[in-house]
Structure formats: structure tokens, C-alpha cells
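Comments concern the structure below.
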Amino acid sequence: MPDHSSVDSTTVLIVGAGPAGLVLGNLLKAAGVDCLILERQSRAYVERRARAGFLAANTVRILEENGLAAGLLRDGRQHDTCLFRSEHAEFELKYSGLGRGEVHTVYPQQDLVRDLIAEFLDRGGELRFETAVAEVNDIGSDRPWIVCRNADGELQRWNGRYVAGCDGRHGVSRQAVPVGAVRQYRRDHGISWLALLAEAPQSMAAVAYAIHDEGFAGHMARSASVTRYYLQCARGEDPQGWSDRRIWDELQLRMQADRYGPLHQGPILERRVVDMASHVMDPIQYGRLFLVGDAASLISPSAAKGANLAVMEAEILAKALIADLRDDDERPLARYSEDCLPRIWRAQEFSHWMINLLHGPAGNDDEAVFLRALQRARLESLRNSRRHQDHFAENYVGI
Numbered sequence: 001m002p003d004h005s006s007v008d009s010t011t012v013l014i015v016g017a018g019p020a021g022l023v024l025g026n027l028l029k030a031a032g033v034d035c036l037i038l039e040r041q042s043r044a045y046v047e048r049r050a051r052a053g054f055l056a057a058n059t060v061r062i063l064e065e066n067g068l069a070a071g072l073l074r075d076g077r078q079h080d081t082c083l084f085r086s087e088h089a090e091f092e093l094k095y096s097g098l099g100r101g102e103v104h105t106v107y108p109q110q111d112l113v114r115d116l117i118a119e120f121l122d123r124g125g126e127l128r129f130e131t132a133v134a135e136v137n138d139i140g141s142d143r144p145w146i147v148c149r150n151a152d153g154e155l156q157r158w159n160g161r162y163v164a165g166c167d168g169r170h171g172v173s174r175q176a177v178p179v180g181a182v183r184q185y186r187r188d189h190g191i192s193w194l195a196l197l198a199e200a201p202q203s204m205a206a207v208a209y210a211i212h213d214e215g216f217a218g219h220m221a222r223s224a225s226v227t228r229y230y231l232q233c234a235r236g237e238d239p240q241g242w243s244d245r246r247i248w249d250e251l252q253l254r255m256q257a258d259r260y261g262p263l264h265q266g267p268i269l270e271r272r273v274v275d276m277a278s279h280v281m282d283p284i285q286y287g288r289l290f291l292v293g294d295a296a297s298l299i300s301p302s303a304a305k306g307a308n309l310a311v312m313e314a315e316i317l318a319k320a321l322i323a324d325l326r327d328d329d330e331r332p333l334a335r336y337s338e339d340c341l342p343r344i345w346r347a348q349e350f351s352h353w354m355i356n357l358l359h360g361p362a363g364n365d366d367e368a369v370f371l372r373a374l375q376r377a378r379l380e381s382l383r384n385s386r387r388h389q390d391h392f393a394e395n396y397v398g399i
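Numbered as in this note's numbering, the sequence shown ends at 399 without a single skipped number.
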């Protein structure tokens with residue numbers, strides 16, 4: 001073990017200040033549980049990082065019940081309609097009248113993160129930015145510890161009773177789980193999206209999914225002046241190779257603007273490539289380490305589940321830690337994975353279904369032609385079957 005400039009202790013060490021770590025920290029702090037959040041990026045970076053924006057009804061409930069929803073209740077917008085376009089038809093589904101009658105709340109993730117940071121600090125929480133966790137050790141013991149390096153380059157050791165790994169798919173937390181200790185399920189869907197943020201108002205009231213021979217295109221509101229778009233692209237594509245003009249030409253083509261009306265255009269603020277992949281660990285705990293959010297399971301963005309799963313897991317883990325630390329009841333911690341994984345797999349199944357709905361294979365060989373015919377059949381069933389619509393709505397919003 002290297003020398004450290006200092007050694008400190010807390011009860012729960014939280015690695016990562018995304019929605020998972022921040023919700024967990026706020027819930028623990030409200031219950032009087034001592035915790036520390038460590039984040040490798042700067043505060044300015046995490047408060048500007050644009051990611052998800054569709055909050056499920058369960059996420060809004062968790063935030064409201066725990067005094068974390070002031071911003072989204074003030075500035076969030078309810079959304080209850082999605083639209084599908086193909087060469088054969090266009091139709092809308094108002095899912096607030098289907099399934100459980102639930103809606104999404106549109107509230108950019110960076111705004112939510114900003115709210116959660118401010119609330120955690122107001123509650124007296126300790127959050128250290130620009131502090132990279134280098135090691136997570138002794139998670140099989142009753143006294144795990146971590147080594148981190150602060151912005152000044154100093155090494156520090158922190159001891160704790162529990163570690164919550166909320167640092168994503170590439171974070172150090174999941175790497176601390178011994179090889180062979182958990183089963184890992186992986187799937188590369190072989191599809192990539194160019195993820196875009198445009199400084200332009202939304203072009204239609206609904207979330208729009210456009211199915212086209214040139215590939216999928218998506219339209220999702222973020223704010224009154226910013227819209228999220230997606231374009232299916234080739235694997236390994238350089239996002240900087242897409243000029244603003246090329247992006248808007250392709251969006252207009254795939255969304256059939258000549259048929260349904262032009263898109264509101266503006267500067268492209270962000271462009272990056274997202275590869276559609278899924279990854280689930282089972283269990284999502286080992287010893288005193290508990291994985292939350294993308295550290296536990298990676299899900300494709302095809303159904304807006306990632307941040308919502310993270311908040312759901314954070315609530316379950318917070319209640320389990322409070323039960324153990326305050327009430328000396330270890331049972332909820334022991335079943336953390338058992339409580340989370342069925343809901344994770346439900347979200348994975350729906351995301352996989354959405355991928356197959358939105359992306360048809362290219363080519364004119366027998367298999368490609370057959371699979372595109374199945375894709376059309378799925379769309380027609382969704383368009384015409386109330387039972388199919390109810391099932392879609394329940395899973396589209398539900399977690």
C-alpha cells in the first residue's frame with residue numbers, strides 16, 4: 001500500500017456524483033447517516049454534462065418524497081405522447097391514457113444534478129470534486145477502504161463500513177469485484193447512434209421515432225431552446241466528420257420533412273457516438289461493495305431507462321443501509337441485488353424490444369427482407385392493438 005498524506009473515516013463511501021450517487025447521498029444524509037461522495041470531475045463539468053432528460057413517474061416520486069424535486073416541479077414539463085414515422089404511416093400514442101396512466105417529466109439531467117449537489121451541500125454533506133478514486137480495497141471484510149488522489153495530487157486513504165459504486169461502467173468500483181465472483185451478461189447490439197444536442201426548439205410536440213431505409217432518427221425535447229436528436233450511424237464513425245449541414249440534411253430526410261413539415265434548425269452544440277450495448281452484473285453486490293446505476297448495469301438509450309434505473313437502485317440501497325445502520329437489520333442489504341435485478345432485466349427486455357422496433361437490417365438478402373417485414377408487423381400491432389399499446393405504455397414509463 002502506498003504512503004498516504006492522510007487517513008480518514010466515514011460510514012458510507014460513495015464513488016461518483018451522478019444521479020445515483022447524489023440521490024443516495026441525499027437520502028443517507030437526511031437519515032443522519034454519515035457519508036462522503038467522491039467525484040473525479042470538477043463541479044462545473046458534472047453540472048454541464050448533458051445526458052438523459054426523461055424522468056419516469058417512479059423517479060419523480062422518489063425525488064418528491066425526499067425533498068429533491070423543487071427544480072423539476074418548477075421547470076420540468078410533463079410529456080405523454082410519442083410519435084412513430086415510417087414510409088408506410090405516421091401515428092401518435094398518448095400513453096398517459098394507456099397502461100398505468102403514467103407520464104414522463106422532461107428535465108435535463110444536468111439540471112437535476114445541479115439541484116442534487118446544491119441540496120446535498122445544504123444538508124451538510126461532504127462532496128469532493130476533482131478527486132479520483134484509484135483503489136477500492138478489502139470489500140470482502142467489514143472495513144473496506146479506498147485510495148483517492150485529490151486535485152493537488154495528494155493521495156488519501158478513506159476507511160468506511162460500506163462502499164457504494166456509482167461511478168459508471170468504466171469506474172474503479174466494478175473493477176474491484178473479484179473475477180469470477182459475479183456472472184456478467186453482455187450484448188453488443190451492433191448499432192450506433194450519433195447523439196446530438198441542437199440549439200433549436202423542438203419541431204413537434206411529441207418524442208418522435210423515425211424509421212427509414214437510411215437508418216433510425218430520433219427527436220426528444222430537452223428545453224424550450226434545446227432539442228436532443230439521434231441519427232443511426234456506422235460503427236466507428238467520427239462525430240466530427242458530421243457537419244451541421246450534413247446533420248440537418250440527414251435529419252430532414254429520415255424524418256420525412258418534405259412530407260410532414262420542416263424541422264426547426266440551429267447550431268449543433270454536442271455530437272458524440274453512442275454504441276448500443278447492454279451489460280448486467282449478477283449479483284450487483286459483493287461483500288461491502290454495492291453497485292448502482294451504470295456500474296451495475298449498462299442499458300442502451302433506446303428507451304430512456306438509464307438514469308431512472310440509477311435513481312430506483314439508489315432508493316433501494318439507501319433504505320437498506322439505513323435499516324442496517326439505524327435498526328441493525330441486515331436483511332434488506334442482503335437482498336439488494338434480489339430487489340433490483342428483476343426491474344433491471346425488465347428494463348433491459350423493453351430496451352431490446354425497442355432496438356428491434358426502431359432498427360431494421362440493411363440489405364436485400366432473404367433474412368434482411370424477412371426481419372424488416374417483422375419490424376413493420378410490430379409497428380402495425382402497436383398502431384392498432386389496444387392491448388399492445390397498454391403493454392407498451394406500462395413499460396415505456398415504468399421502472
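The beta carbon of each residue, even a glycine, is placed where N, CA and C say it ideally should be.
Indicate whether Ala-208 and Met-281 have their beta-carbon atoms separated by less than 8 Å.
The residue you call residue 208 lines up with position 208 of the sequence shown. The residue you call residue 281 lines up with position 281 of the sequence shown. No.
Assign Met-1 to buried or exposed, taking buried as 16 or more other Cβ atoms, counted over all protein chains shown, within 10 Å of its Cβ.
Residue 1 sits at position 1 when you count from the first residue of the sequence shown. Annotation note: pLDDT 42 at Met-1 (below 50); position unreliable, coordinate value reported separately. Exposed, since its Cβ has fewer than 16 Cβ neighbours within 10 Å.
Could you tell me which uninterrupted alpha helix (DSSP H) segments, each at least 4 residues in length, are contained entirely in the stretch 26 to 98, listed from first to last along the chain?
Those alpha helix (DSSP H) runs which fall completely within the stretch 26 to 98 and span 4+ residues are 43 to 48, 57 to 65, 70 to 75.
Residues in its own chain within less than 6 Å of Ala-200 by CB, not counting five upstream and five downstream?
Indexing the sequence shown from 1 puts residue 200 at position 200. Contacts found: Thr-227, His-264, Gln-265, Gly-266.
Taking DSSP's pairing of strands, which residues face Asp-275 in a bridge?
On the sequence shown, position 275 is the one that residue 275 refers to. Looking at the DSSP assignment, Asp-275 forms a beta bridge with Ser-192.
By Cβ distance, which residues of its chain are closer than 7 Å to Ala-362, with the 5 residues on each side in sequence left out?
Here residue 362 refers to the residue found at position 362 of the sequence shown. Cβ within range, chain order: Ala-368.
To which residues does DSSP link Thr-227 through a beta bridge?
Walking along the sequence shown from the start, residue 227 turns up at place 227. In the DSSP output, where bridge partners are listed per residue, Thr-227 has Ala-198, Ala-221.
Can the beta-carbon of Arg-288 be found less than 8 Å from the beta-carbon of Val-133?
Position 288 of the sequence shown, counted from the first residue, corresponds to residue 288. Position 133 of the sequence shown, counted from the first residue, corresponds to residue 133. Their beta carbons are not under 8 Å apart, which means Arg-288 does not touch Val-133 by this criterion.
With DSSP collapsed to three states, give me the class of Met-281.
Start at 1 with the first residue of the sequence shown, and residue 281 comes out as number 281. Note: Met-281 maps to strand in three-state DSSP.
Would Asp-115 be called buried (16 or more neighbouring beta carbons within 10 Å of its own) or exposed?
By 1-based counting over the sequence shown, the position of residue 115 is 115. So Asp-115 ends up on the buried side.
For a minimum of 4 consecutive residues, which ranges assigned as the alpha helix (DSSP H) are wholly contained in the stretch 99 to 140?
Counting only runs of 4 or more, we get 109 to 122.
Taking the DSSP output, what are the residues bridged to Cys-148?
Here residue 148 is taken as the residue at index 148 of the sequence shown, counted from 1. DSSP output for Cys-148 lists Val-133, Gln-156 as bridge partner(s).
Could you pull the DSSP bridge partners for Arg-187 from this structure?
Along the sequence shown, one-based indexing puts residue 187 at 187. Note: Arg-187 sits in a beta bridge opposite Ser-278.
With Gly-215 and Leu-231 assumed to form a contact (beta carbons below 8 Å), what rounded beta-carbon distance in angstroms separates them?
The residue you call residue 215 lines up with position 215 of the sequence shown. The residue you call residue 231 lines up with position 231 of the sequence shown. Rounded, the Cβ-Cβ distance is 7 Å, consistent with contact.
According to DSSP, is Asp-244 helix, strand or coil?
Sequence index remark: in the sequence shown, residue 244 carries index 244 (1-based). Reduced to three states, the DSSP call for Asp-244 is helix.
For Glu-126, collect the residues of the same chain with a Cβ closer than 6 Å to its Cβ; drop the 5 residues on either side in sequence, then sort them by chain order.
Taking the sequence shown and counting its residues from 1, the one referred to as residue 126 is at position 126. Closer than 6 Å at Cβ, skipping near neighbours: Leu-36.
In terms of DSSP beta bridges, what is Leu-13 paired with?
Residue 13 sits at position 13 when you count from the first residue of the sequence shown. Leu-13 is bridged to Leu-36, Val-163.
With distance defined between alpha-carbon atoms, name the residue in Ala-44, Glu-87, Phe-120 nearest to Ala-31.
Here residue 31 corresponds to residue number 31 of the sequence shown, with the count starting at 1. That would be Phe-120, whose Cα lies nearest to the Cα of Ala-31.
Count the other CB atoms within 10 Å of the CB of Tyr-107; is the residue buried (16 or more) or exposed (fewer)?
Along the sequence shown, read from residue 1 onward, the residue named residue 107 stands at position 107. Buried, by the Cβ-count rule.
The alpha helix (DSSP H) with Val-311 in it runs from where to where?
Here residue 311 is taken as the residue at index 311 of the sequence shown, counted from 1. Per DSSP, Val-311 belongs to the alpha helix (DSSP H) from 306 to 327.
Between the C-alpha atoms of Ile-344 and Tyr-336, what's the straight-line distance to the nearest angstrom?
Indexing the sequence shown from 1 puts residue 344 at position 344. Indexing the sequence shown from 1 puts residue 336 at position 336. Near 12 Å, if we compare the C-alpha coordinates of Tyr-336 and Ile-344.
Tell me, please, which residues DSSP counts as bridged to Ile-268.
In the sequence shown, counting from the first residue as 1, residue 268 sits at position 268. BP columns for Ile-268 point to Ala-198.
Judging by CA-CA distance, which residue of Cys-82, Leu-251, Glu-47, Pro-144 is the nearest neighbour of Ile-268?
Position 268 of the sequence shown, counting from 1, holds the residue named residue 268. Minimum Cα distance to Ile-268 is reached at Leu-251.
From the DSSP secondary-structure annotation, give me the bridge partner or partners of Gln-232.
The sequence position of residue 232 within the sequence shown is 232, counting from 1. In DSSP, Gln-232 forms a bridge with Trp-193.
Between the stretch 55 to 68 and the stretch 293 to 311, do three or more beta carbon pairs fall short of 8 Å?
Result yes; three or more Cβ-Cβ pairs closer than 8 Å.
Between Ala-347 and Leu-298, what straight-line distance do the alpha-carbon atoms span, to the nearest angstrom?
Here residue 347 is taken as the residue at index 347 of the sequence shown, counted from 1. Here residue 298 is taken as the residue at index 298 of the sequence shown, counted from 1. The alpha-carbon atoms of Ala-347 and Leu-298 are separated by roughly 11 Å.
Look at Ala-176 and Val-113 and say whether their C-beta atoms are less than 8 Å apart.
In the sequence shown, counting from the first residue as 1, residue 176 sits at position 176. In the sequence shown, counting from the first residue as 1, residue 113 sits at position 113. In this structure, Val-113 does not lie closer than 8 Å to Ala-176 by Cβ.
Apart from the five residues on each side of it in sequence, which residues of its chain come closer than 6 Å, Cβ to Cβ, to Leu-431?
Here the chain covers residues 1 to 399 and nothing more, so residue 431 does not appear.
So Ile-211 and Gly-360 are in contact, right, with Cβ under 8 Å, and what is the actual spacing, rounded?
Along the sequence shown, one-based indexing puts residue 211 at 211. Along the sequence shown, one-based indexing puts residue 360 at 360. Between Gly-360 and Ile-211 the Cβ distance is about 7 Å, and since that is below 8 Å, they are a contact.
Could you check if Arg-235 is buried or exposed, using at least 16 other CB atoms within 10 Å of its CB as the buried criterion?
Counting from 1 along the sequence shown, the entry for residue 235 is found at position 235. Its Cβ having fewer than 16 others within 10 Å, Arg-235 is exposed.
Could you tell me which of Gly-124, Cys-166, Ala-323 sits nearest to Gln-285, measuring between CA atoms?
Residue numbering aside, residue 285 sits at position 285 when the sequence shown is read from its first letter. It is Cys-166 whose Cα lies nearest to the Cα of Gln-285.
Can you name the start and end residues of the alpha helix (DSSP H) that Val-172 belongs to?
Here residue 172 corresponds to residue number 172 of the sequence shown, with the count starting at 1. Start and end: 172 to 175.
Once the 5 residues before and after Leu-379 are set aside, which same chain residues still bring their CB inside 8 Å of it?
Residue numbering aside, residue 379 sits at position 379 when the sequence shown is read from its first letter. The residues are Phe-84, Ser-86, His-88, Ala-89, Ile-211, Leu-357.
In this structure, what does DSSP give as the bridge partners for Phe-290?
Position 290 of the sequence shown, counting from 1, holds the residue named residue 290. Beta-bridge pairing links Phe-290 to Ala-164, Gln-285.
Evaluate Ala-296 with the Cβ neighbour count: other Cβ atoms within 10 Å of its Cβ, from every protein chain shown; 16 or more gives buried, anything less gives exposed.
Taking the sequence shown and counting its residues from 1, the one referred to as residue 296 is at position 296. It counts as buried.
Taking the straight line between their C-alpha atoms, what separation do you get for Glu-270 and Arg-222?
For this step, residue 270 is matched to residue 270 along the sequence shown. For this step, residue 222 is matched to residue 222 along the sequence shown. Cα to Cα, the separation comes out at about 13 Å.
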